[in-house]
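Mapping the sequence shown onto UniProt numbering, position 211 (from 1) lands on 211, and the numbers just tick up by one. Accompanying notes for the structure given below.
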Amino acid sequence: MSQETGAEERRRLRAVDRRELIARTIQTDGTVVVEELARSLEVTPSTIRRDLALLTEQGAIARTYGGAMSAGHTAEPTLGQRSGLAVAEKDRIGRWAAARIGPGDTVILDAGTTTGRLAHHLRARTDLTVITSGLTALRELAEADGVELITLAGTLRHVSQGFVGPLAELTLSRLTADKVFLGADGLDARLGICEASLHQTALKEMMADRGREVYVLADSSKLGESPFTAWAPLDRPWTLVTDSGATDDQLGPFRALPDTEVITV
């Protein structure tokens, strides 16, 4: 066996051992987080995501927001759990989005942690109207005197800290916006935005229809992921804003779309 062949065989065996360890960890703990696995196994997050993708194809696990869970586990991560993931990436995305909002703009902010960071960067702004379904954005902007704040109050989903349902949709149907900023549990170039419930996807789809410009704020851990079964299609021009850790393989399907701009920050 040549040295190159031997090295490749050792890498292959290490990858097999690593995936077996990941699968056992998920069976024991129920869930895992990409960043934590990367640190403990001393590999890159991209390597872990490839491992998880292969294990998912084999039916051994199911992908989640920022990690994975056992195939029989269907729990949706809480907003608190999400808030500790990709913190720096979400803040960069939120800061970039805030810079896109001009004086006098009316904007719609979806519920979620990344849109929450966007709201954080709007607190000192004036001459701005914000329409939101998210408690995180409401908390960030409640004392922002220069921001007119409109709530899409409906039925609160405690796990995601966002309002959904007929009342939220009725309020939204009376409003329009210059810019819409959506979050996502997962994002697929062909299917659109993935969420845990049809109530969420219905509201997101309606939000996208109410604005002149649509932005989807999604860190790279969500690209190409489908942790749940409810989808909101994106059937109009839109902009994906993600972090610079996104790989070419992740971004390629979105860049191939005819009416989609891809921004990395």
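We put the beta carbon where it would ideally sit given N, CA and C, even for glycine. Predicted model, so just to flag it, every value in this text is computed and none were measured.
Of the residues L172, A142 and S133, the one whose Cα lies closest to the Cα of Q161 is S133. If you draw a 10 Å sphere on the C-beta of H199, you find 16 or more other C-beta atoms in it, and that means buried. Per DSSP, reduced to three states, the secondary structure at I26 is helical. In the three-state scheme derived from DSSP, where H, G and I count as helix and E and B as strand, S83 is classed as helix. E140 carries a helical assignment under DSSP once its states are collapsed to helix, strand and coil. With distances taken between CA atoms, T176 lies nearest to L152 out of R19, A60 and L152. Excluding residues up to 5 positions away in sequence, K179 and Y215 lie with their Cβ nearer than 8 angstroms to the Cβ of R100 in the same chain. Under the three-state reduction of DSSP, T114 is assigned to helix.
Assigned with DSSP and collapsed to three states, G252 falls in helix.
Under DSSP, V107 forms a beta bridge with V130 and K179. DSSP, read as helix, strand or coil, puts A153 in coil.
Between the segment 249-263 and the segment 101-117, the count of C-beta pairs closer than 8 angstroms stays below three; the two stretches do not touch.
By the Cβ neighbour-count rule, D219 is buried, with 16 or more other Cβ atoms within 10 Å of its own. Of L156, F228 and A246, the smallest CA-CA separation from S46 is found for A246. In the displayed model, T242 falls within a strand according to three-state DSSP. DSSP, read as helix, strand or coil, puts S197 in coil. Counting only residues of its own chain and dropping the five nearest sequence neighbours on each side, V87 has no CB closer than 7 angstroms to any other CB. Here V32 is buried: its Cβ has 16 or more other Cβ atoms, across all protein chains shown, within 10 Å.
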